[in-house]
Structure formats: structure tokens, C-alpha cells
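Residue numbers (this note's numbering), protein chains in the order written: chain A, 470 to 891; chain B, 896 to 1352. Heads up, the beta-carbon is just placed ideally off N, CA and C, and yes, glycines get one too.
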Amino acid sequence: MLSRKLAIAALTLPLLAACKDLVSNETLGPAAVPSGGAMFATYVALGTSISAGVQSGGINDSTQKQAFPYRLATAMGLTPGVNWFYPSFPFPGCTPPFSNILTKTYVGGTASTCTLLNPAYARPYQNNLGIPSLKVGQALNILSLLVPATDTLKAASFVTGGRNPVAVMAAAQPTFVTVELGANDALHAATSGDTTQLTSLAVFQRQYDSLAAAVAATGANVALANVPNVSNIPYITRGYIFFCAHSGACGSAAAAPFSSTLFTVDLSCLPSSSGGVGDKMAVALPATATIAQVLAGGGAASLNCGAGTATVTTAAGTAPVGPIVTVAAMATITQRVIDINTKIASVATTHGWALANLDSVLSVLVAAGQIPPIPNLATPSNLFGTYVSLDGFHPSGAGSKLIADAFVAAINKKYGSALTPP
Amino acid sequence: MRRIAVLCAATLSAAIILAPSARAQGFSVYEHDPCTMARGGAGVAAPCAGGSAVFFNPAGILAAGKRFNLEFNSTFIQPKGNFVDSASRVRTDLVNATYYVPSGYATYQLSPKAAVGFGAFAPYGLTTEWPSSFQGRFMAYKTVLKSIYWQPTFAYQVAPGFQVGVGADYVTASAQVHRRVDLSTVTVPGQAFPFALLGVPVGTDFADALFDVTGHGWGGHIGVMWQASSKLSFGIRYQTQVKVNFTGTASFTQIATGITLPAGNPLGLPGGTPLDALLTPNFAADSLLGSQSASTSITMPDQLVVGLAYKLTPRFTVMADYQFTGWSKFSSLDLTLAKAPAVSMYENYGNTSAFRAGFEWNPTGALEVRAGVLTHNGASPAETVTPVLPEGQRIEGTVGLGIPLSDWLRLDVAYQYLQQAERHGRMVDAPVPTTALNSGLFHFTGNLFGASLALAF
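Okay, structure coming up:
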């Protein structure tokens, strides 16, 4: 009888042993959900240099932390370096930002070189896939990035290792994607005055549809961004501004060095309300800087807005300067931006995605006088005001915050989230 | 007699051909006989009849049963495990498989005071297999360690109730490690930085590596049993550590990355250049990743087991063992290669203690009913829990039966359930000991089935 009781008691031991609680289990704890909501668990940013964090013609970890995707990730409750990664370029950068674009000096005093990625940010995938110079078609096929080899191009190869950005985006299995693409399909035309740099509308529309299909295939929620009117960027200065600065006829005093009597501004540079075309064409920064430099040095210069020409005259003779964005080019570029934005808005509507209005962000700043109509050449450290960095077209840290705010507003409106502007 | 010799030869041959694959505390295996297995592995003071005392206590072969005992065991191990990534919560399961661990023993009573025996068993071995797409594949996606201990044994009764056994262990072993090589970690030719710093994503497979080595070593085994009374007995055994030096080959097979270099790349190569074409020469016979010799050494740790057995009634015996295993000898797994950089996996295992308890009940005088429990701590520290061997503290329960089929033939069966504590672990090599790289949780359980046929003449 004793043995039977013992046997029964002993036979229960294996059952006890099978109890999982008898071992000291470690646990994962509850799944980490960003404070912004589960939809933001894996956020990937597809975009241009604006997404990447380029400022003043360069990029480093400091400027990357000011870019809108970084700010947006933080607003979502993600922690950069923990559950959100970007290809960090240590100081001074890749390439280093300008400290003075007029004298071509760089942050850190180094020449235009590329630092390598921060090893701590070497990851299976990156969350910020912003790539300088990237056009929509190049997000689909990075090898079509045919800009001549420059340092910003090297940055492109660093970010994805030569893989197509949309493929890297998909590999990250995103739950939320921002797409800030399209600006480079028009920007280069605006900065060069060369409309052949524009992506044809038909090609853009086809490529944007392909891009949207790839993003949609991930099942992520998405926020698109439209393209700022590139004719509003302070890198280019409207012709009538020169007329005003020269003559003091626009309600403000003439301003040196453009007030020089050796500066000839053709009457075609009057604004269209006065019979000219000076508000329908523009002079790019290199030409503006050269004219100012020559006038300040006692030389002569001329600007003919109708003809779309500018010259400088020094002891060496007379030479044309540029780039000049002619009336015809400006009209073409402006219309192309409108068409691009129409397409982007259409895609957002079709897919039920959010749309951040970056065009409005820049337009509001221009209307509010926050963008200098002409570069502050006398103060190279503040050429373009608070919101535009020293290269004349990339946003400064303050400008990037406005872009992040625009995304937050659009996302909250579309998806009912309660992100706080970063 | 000739028939017996044939059976003996067949048993041992099977043990040679069917090399063991398993996984347990550290990479030890203790299931070498379903009779002892069903008692929770306890029995150093009262080894089972049949011959398995060659392993469980060499002194016990004097009490193995009849004059000639022959035993052949089969253990089937079905591990179930997974890894859950702490960030993504993605779960990856171990490859579903059943591993077979055979063992065999033969004993012969020379006289009432002396016996000889021979055993082939596998106290150390493991197979850990994950899908080749598993995120830990760059450490190992399949690791196989097989060791066979060939042990001739002699036992002698020194005094009434007091007997001693000794054995010499000749160990043959083999090991295979399958792992992938991550291009992002490879230094760019002609540069001082790795491909990762050019943007090649971490986790870019570009080579499949196989290290295939074999080796052998020598050790010893000693056991003592003391029958203190008609009810109480004590036992102790010590198996020495065995250092096995392995030699073999390492081979690398190229895997296409599909990466094409963009224009303006820092290597100065034309845009559109396939990266794979640049890497292919590295796989040539006389190149860094060509087939080459490889070597390593692994010390199979020593084991010390002490225990007692007590007959509560003539038909009911309880047993309890304590086992010490010297896992601190396993400090690293270093693979030396003729051309490619050496691979060193930091291990820093700690010694372990196991407690085993079981009983054997013979209600009818024929059928034997057995059950037991065992528990042990993990050998690997928190910074060394990896896909190679994600082991840890365990608790296990066992049940089994001994069924006499005839006067000379007995069948034993056992079942064992294994529950391992869930542990955090890492998926990447750590250059220095750290838990900072632990990135998820390993979960592991196992079902083990044992069966044996024992002949006694």
C-alpha cells in the first residue's frame, strides 16, 4: 500500500516538471509601440536631399538631425539610433556644408570630401532613404542617377549601397512611409535655366504611378509631399529686384553695389505691371554674386531681362554671366511644377493618402517676406534668411521644422493621429 | 556464443554509423538508456541492468544482470524552439527535425568479483538548425557536433558491497558549422573600411561557409559503488575532460548579392559595375575564400556525479543524483583557417549543477514503472546565448516502463519532456563579452523518446 501511494505521488512529479513556471523565464515585455501609435512602428522616408538633411550644400549628422524625417520620427515616438535609423555622416560631412558659399569654404575647414557612414548606423535597412539629387525615376532605378560624379552623388551610393531606394524601403517592411520626391524633377532646370533638365510630364506621371504602386504594396500608411514652386527659391532672384535695387524706384532706397552707375538694367526688367518682364524671369546665385562682386570692385555690369542676358565688364573685358532663367524657361518650369503637384495630389486622393503641402510652406514664407528677394551678399552667414540654408534652396533647420509641421498636420488630418509638431 | 558475438558487433557498428545528434545542458546528452532516462537520469548508485552502467557508473557493470548482457538503445529527440526579435516581434522557428541518438553496451561477468564491459555512447553533441534566411545566419544557421565515446571498462569488487570500475575513453568526433558571410563586414579591397560604410546593407549574404572538421581524443572514467545496507547504496563516478583537436576543411560558396555600383561610387568604378563580378576572384582556389584547411579544438568537459538509492520497500526504490559538469573549460570556439581570417566565438561557459531524482516501482515483480524529474542551470552566460546553442536553465520530467519480454529479453521505453527557460540572446558575433547585443528571446522545449532492447544470458 505504501509503495502504491509513493508511486502515485512520484508520478505527479513529471507533471509538475512540465510546468513552464518552474523555470526562470526572461520576457520580451509588451511590444514597443511608438507613442504616436502603432501605425508609426516602422517609419521610412523616401525623398530627396530635403529628406536627407542637406543644408548649405552639404550634409552631416548635425544637419541630418534637423531634417524633417528625423523630427517626424521623434514626433511619432520613435528613437533615432534605437528603432529608427538614418545613414549618419560624421562631422564634417559628406560633403561638408558650406560655411560661406561665396568663398567656397566649408564647415570644419575641410575641402569637399566625403566622410564614411557612422558604423553605429550600419543597419540591415535605413529608415531615412533621403538621397541627394534623387528624382522619382531614380528612386525606382538608382542607376539612372546620371549626374556626373560629385560628392553628393557619392552620398547616394552610401545610403543604399547601390540598391534601388524603393527596394530598400520595401525590405524595411514599413508601417508608415513619407514620399518627398519630385523637386529634383524640376529644380535643376530652375537653378540652371535649362529646361531640358525637366523630367517630361508623361515620364514623371508614369514613374510616380510606379512609385506609388511600390509603396502601396507594402500596406503602409503614406504621406506624400508636393513640390515647392522652385521659382520661389532664393537661389534665383527675379529681374525686377535688380531694377529696384539699382533705381530705388520700388518704394525702397537703392542698394549698393547694385546702385552703381556702372550697372545697366534694361527697362525690360520692370515688373509686368509696369510693362516689363522682370517678375517673370530670374538670375541665379552665381550670376548675382558675380555681378555684385564686379560692381563692388568698380567694374560694370548689365542685365537685360527681356533678352535673358547678363554681362560683367572688367579690365579683362566683357563676359556673359549666368545662369539666367529666361521668361520662357520660367513659364515652362512653373507650369511643370503645377502639373507635378496635380499628379501628386491625384495619387494621394486615389490611394487615400495624406498630402503635405510643401508648396504652401514656401509660398507663405515668400508672401510673409521671410525669404529675402535678393541674397544678403553683405552677410554671407545669412544669405537667405532664417528658413533657407546657405545654398539658397535647401531649407535651414528652421525651414525643416516648418516642413515637419506640414507633414504632422497632414498626417493628423488624414489618419486621425495626434502627433505633436516636433 | 557466436550469435552473441554477432549481436555485439552489430550493436557497436550501429553506434558508429548512426552518429549522435542532440542538444541538452551545454551540449551534453544524458539520455543513453531509457531505463535511466525514465528515472530522470538518476542511478549512479543503482545503475539499470543491461549494460548502461558502462556510462552511468562503471563500477555497476558487476551488477549488470546475468553473465552476458547486451543492450542497444535508441533515443529520438524532437527539439522545438524559436527566436522572437524584440523589436520586430518576428518569430523564427528551428528547423523541424527529429534527431537520433543511439548507444550500445556489452558486459561480461568474469567472476562474481570481476566484470568487463564495452560501451559506445555520445555524452556530448548537438545539432542546431535554423532556416538559412534566419537573421542569426552570420553566426551559424546549422551547427552539428558529434562525438562518440568508445569505452572499454573493468570493474572489481574490492570488498563485500564495495566495487570499483574504470574505463578508458577513446573519443571520435566531428563538427560542421554552416554560416553565411556578410559582405557589409568585409573590408573593401585596398581600403581600411568595410563595405557597410559604403552603404552595403548589414545582412548582405555573399558567401556560404562550411567548416567541416573531425578529430579524436582520450579520456578516462572511474566509478565507485557502495552497498551500505540492504536498502541503501551510494555511487559516484567521474569522467575526465577530453580535449579533441579537430582538423578539416573550410569551403566557401559565392552567393550573388545583386548589387550594382552606382555612378560616382567611392571605388571609382563605372556606374553599373556588378559588385558580384568584383568579388568572384576571391573564391578562386588559391584566394582568400578558396577551399582551405581549418582546425579547432573543443574540450568535452568532465563530469562528477554522486548519488544514492534507497529501497523504501522491496519493490520501490528511490534515487537521487547530483551532477557537476565542468563547462568552464568551454571558453571560446576558435576556428583557424589557412587563408581567411580566423573565426572566434566567445563562449565563457560556467560550470553547471544538475539535480536528478526518480523512482522505480515493480508492482508485479515483472513490469517496472519509472518516473523522475531533473533540473539544471544553464552553462552559457547571458552574453553568450546565440543561435549556435541557445541553451539555459531547464526542468524536465520523465516516465517509462521496463517490460520483460522473456527470460532473456527486456524492452525499456521512456518519454522525457524538456522545458527550458526563455532567454535573451544575440544574433551577431560580439567582439567583447556583452549583453548589449542581445536582440530577442529564445524559446526552447523538447520531447524525447527512448527505447532499448536488452539481452541477458
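Please report how far the alpha carbon of residue i lies from the alpha carbon of residue j, in whole angstroms.
| i | j | result |
| --- | --- | --- |
| L764 (chain A) | I702 (chain A) | 24 Å |
| D1171 (chain B) | T1231 (chain B) | 26 Å |
| F971 (chain B) | K1041 (chain B) | 15 Å |
| A1277 (chain B) | I813 (chain A) | 51 Å |
| P565 (chain A) | D530 (chain A) | 10 Å |
| C713 (chain A) | A507 (chain A) | 54 Å |
| Y1036 (chain B) | G1114 (chain B) | 31 Å |
| T1194 (chain B) | T1135 (chain B) | 10 Å |
| V648 (chain A) | N633 (chain A) | 15 Å |
| R962 (chain B) | A944 (chain B) | 11 Å |
| A1063 (chain B) | S1125 (chain B) | 31 Å |
| G1287 (chain B) | S1275 (chain B) | 7 Å |
| P483 (chain A) | A1266 (chain B) | In this prediction, P483 (chain A) has a pLDDT of 49, which is less than 50 and means its spatial position is unreliable; what the coordinates show is noted afterwards. When rounded, the distance between both Cα atoms is 7 Å. |
| L667 (chain A) | A655 (chain A) | 5 Å |
| F560 (chain A) | E1317 (chain B) | 42 Å |
| I570 (chain A) | Q1071 (chain B) | 60 Å |
| T1340 (chain B) | R984 (chain B) | 19 Å |
| P1299 (chain B) | Y1205 (chain B) | 23 Å |
| T1142 (chain B) | F1029 (chain B) | 28 Å |
| Y884 (chain A) | A1102 (chain B) | 44 Å |
| F558 (chain A) | Y995 (chain B) | 52 Å |
| K870 (chain A) | S661 (chain A) | 28 Å |
| S969 (chain B) | G999 (chain B) | 9 Å |
| V616 (chain A) | G606 (chain A) | Reliability of the predicted coordinates at V616 (chain A) is poor, the pLDDT of 47 falling under 50, and the value obtained from them is presented with this limitation in mind. Roughly 13 Å separates the two Cα atoms. |
| L888 (chain A) | G505 (chain A) | 6 Å |
Which one of the options has the shortest CA to CA distance from residue i?
| i | options | result |
| --- | --- | --- |
| S602 (chain A) | A:L739, A:G522 and A:L547 | A:G522 |
| G688 (chain A) | A:G599, A:T511, A:L846 and A:P503 | A:T511 |
| F1033 (chain B) | B:P1282, B:S1334, B:L1313 and B:G1295 | B:P1282 |
| M1240 (chain B) | B:V1264, B:G1335 and B:V1280 | B:V1280 |
| A1215 (chain B) | B:D980, B:V1200, B:R1251 and B:S1227 | B:R1251 |
| A954 (chain B) | B:A1068, B:S983, B:W1121 and B:A937 | B:W1121 |
| P942 (chain B) | B:V1066, B:R1132 and B:P974 | B:R1132 |
| A1213 (chain B) | B:I1290, B:G1202, B:G1031 and B:T1038 | The question names Ala, yet the displayed sequence has Val at residue 1213 (chain B). Considering only alpha carbons, the answer is B:G1202. |
| T1168 (chain B) | A:V830, A:Q535, A:G630 and A:S865 | A:G630 |
| A652 (chain A) | A:A875, A:L827, A:A817 and A:V646 | A:L827 |
| A797 (chain A) | A:A751, A:A683, A:G577 and A:A875 | A:A751 |
| N587 (chain A) | B:N952, B:V1097, B:A1010 and B:A933 | B:V1097 |
| S721 (chain A) | A:T787, A:Y709 and A:T730 | A:Y709 |
| G936 (chain B) | B:H1319, B:G1292, B:F967 and B:A1104 | B:G1292 |
| G745 (chain A) | A:C774, A:I528 and A:F732 | A:C774 |
Since residue i is in the alpha helix (DSSP H), which residue starts that stretch and which ends it?
| i | result |
| --- | --- |
| D678 (chain A) | L670 to A685 |
| N810 (chain A) | V796 to H820 |
| Y539 (chain A) | F537 to M545 |
| G606 (chain A) | V605 to L609 |
Note the first and the last residue of the continuous beta strand (DSSP E) segment covering residue i.
| i | result |
| --- | --- |
| R1074 (chain B) | F1057 to D1077 |
| I1354 (chain B) | There is simply no residue 1354 (chain B) to check, as chain B begins at 896 and stops at 1352 in what is shown. |
| S1192 (chain B) | Q1187 to M1195 |
| D1216 (chain B) | F1211 to T1220 |
| R707 (chain A) | I705 to R707 |
| F1016 (chain B) | A1009 to F1016 |
Considering only DSSP beta bridges, list what residue i is partnered with.
| i | result |
| --- | --- |
| H1338 (chain B) | B:N977 |
| P789 (chain A) | A:T780 |
| L1348 (chain B) | B:F967 and B:L1306 |
| R1032 (chain B) | DSSP lists no partner for R1032 (chain B). |
| N826 (chain A) | None; N826 (chain A) has no bridge partner. |
| T883 (chain B) | No statement about residue 883 (chain B) is possible, as the shown extent of chain B runs from 896 to 1352 and does not include it. |
| P864 (chain A) | A:V857 |
| P1089 (chain B) | B:T1082 |
| G999 (chain B) | B:F967 and B:A1015 |
| L1332 (chain B) | Looking at the DSSP assignment, L1332 (chain B) forms no beta bridge with any residue, so it has no partner. |
Under 8 Å between beta-carbons, which chain E residues line up against residue i? List them in chain order, please.
| i | result |
| --- | --- |
| T496 (chain A) | No chain E is present in this structure, whose protein chains are A and B. |
Check: Between the region 982 to 994 of chain B and the region 1040 to 1053 of chain B, do at least 3 Cβ pairs fall closer than 8 Å?
Finding: no
Check: Hey, is the region 1296 to 1315 of chain B in contact with the region 1343 to 1352 of chain B, meaning 3+ C-beta pairs nearer than 8 Å?
Finding: yes
Notebook entry, point to check: Taking one C-beta from the region 807 to 822 of chain A and one from the region 690 to 697 of chain A each time, how about it: are there three or more such pairs within less than 8 Å?
Noted result: yes
Check: Do the region 816 to 830 of chain A and the region 871 to 879 of chain A make contact, defined as three or more Cβ pairs closer than 8 Å?
Finding: yes
Check: Counting pairs of Cβ atoms below 8 Å between the region 674 to 682 of chain A and the region 534 to 551 of chain A, do you hit three or more?
Finding: Taking a cut-off of 8 Å on C-beta distances, the region 674 to 682 of chain A does not touch the region 534 to 551 of chain A, as fewer than three cross pairs fall below it.
Margin query: When you compare the region 722 to 736 of chain A with the region 760 to 776 of chain A, are there three or more beta-carbon pairs, one atom per stretch, that lie closer than 8 Å?
Written below: yes
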